[in-house]
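Below: the structure, in structure tokens.
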Amino acid sequence: MRSNSDLQLRRSPVGAVRRPHSSQSGDVSRKTILIVEDNYDNRAIYAAILGRAGYHVVEGRNGVEGVGLAIEHRPDLIIMDLSMPLLDGWGAIAALRDDARTASIPVLALSAHVVLDGDYRRSQEAGFAAYLTKPIEPKDVLHEIVSRIGPARPEPMVEQEG
Numbered sequence: 004m005r006s007n008s009d010l011q012l013r014r015s016p017v018g019a020v021r022r023p024h025s026s027q028s029g030d031v032s033r034k035t036i037l038i039v040e041d042n043y044d045n046r047a048i049y050a051a052i053l054g055r056a057g058y059h060v061v062e063g064r065n066g067v068e069g070v071g072l073a074i075e076h077r078p079d080l081i082i083m084d085l086s087m088p089l090l091d092g093w094g095a096i097a098a099l100r101d102d103a104r105t106a107s108i109p110v111l112a113l114s115a116h117v118v119l120d121g122d123y124r125r126s127q128e129a130g131f132a133a134y135l136t137k138p139i140e141p142k143d144v145l146h147e148i149v150s151r152i153g154p155a156r157p158e159p160m161v162e163q164e165g
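My numbering puts the sequence shown at residues 4 to 165.
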């Protein structure tokens with residue numbers, strides 16, 4: 004049994020983000036993706052694909068839930084629908100960018116609306132990492148994720164002979 008004098012507290016530098024581990028897997032190296040989408044079927048499809056790819060997935064149904072879950076879970080990346088009840092994706096990205104705990108998390112915007120010339124510019128100015136239009140192939144969403152945060156788990160280090 005340890006005594007209190009045996010415990011050492013580690014202090015994180017100011018502004019450091021502690022990544023929570025997946026309570027389902029217990030694997031701290033597994034990357035977390037937050038899906039914020041009001042359509043259950045779309046959310047379930049993305050969650051299934053990302054789960055099979057090895058990511059830990061957290062789901063929110065609207066912008067209010069999404070902002071709260073982002074603060075709570077500090078995901079590595081967020082996929083966010085733009086048209087949702089209570090708080091749309093535009094309002095949610097503004098709240099995320101205004102909060103130091105979530106300001107640097109990459110967010111991919113999903114839209115089912117016709118893309119207007121100004122939409123891409125507006126999404127960049129708002130702080131989205133990408134603007135994706137539905138319908139989008141799940142493999143394309145996965146490609147966008149991997150290009151920004153890498154695979155779900157880090158590749159194991161392999162010693163090279165020589």
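Where is the CB? At the ideal position from N, CA and C, for every residue including glycine. Bear in mind the structure is a predicted one, so any value in this text is a computation, not a measurement.
Roughly how many angstroms lie between the CA atoms of residue i and residue j, to the nearest whole one?
i      : j      : result
Tyr43  : Ala51  : 12 Å
Ala98  : Leu89  : 13 Å
Met87  : Phe131 : 16 Å
Val144 : Ala133 : 10 Å
Pro157 : Ser126 : 30 Å
Arg33  : Gly54  : 11 Å
Ile38  : Gly121 : 25 Å
Ala56  : Ile96  : 26 Å
Tyr49  : Gly66  : 17 Å
Asn45  : Glu75  : 23 Å
Ser150 : Pro78  : 16 Å
Val61  : Thr105 : 15 Å
Tyr123 : Trp93  : 13 Å
Gly69  : Ala115 : 19 Å
Ile82  : Gly63  : 10 Å
Would residue i and residue j qualify as a contact pair, given that the criterion is a beta-carbon distance under 8 Å?
i      : j      : result
Leu113 : Lys137 : yes
Ile148 : Ile36  : yes
Ala155 : Tyr58  : yes
Glu40  : Asp91  : no
Leu111 : Leu72  : no
Report back the beta-carbon spacing between residue i and residue j to the nearest angstrom; my notes put them in contact at under 8 Å.
i      : j     : result
Ile139 : Leu80 : About 15 Å separates the two Cβ atoms, so there is no contact after all.
Let me know the secondary structure DSSP gives residue i once reduced to three states.
i      : result
Ala129 : helix
His24  : Confidence in His24 is poor, its pLDDT being 34 and thus under 50, which makes the residue's placement unreliable; the coordinate value appears in the next sentence. Note: His24 maps to coil in three-state DSSP.
Pro157 : coil
Taking only runs that begin and end inside the region 27-106, name each unbroken alpha helix (DSSP H) of 4 or more residues, in chain order.
43-55, 66-76, 92-101
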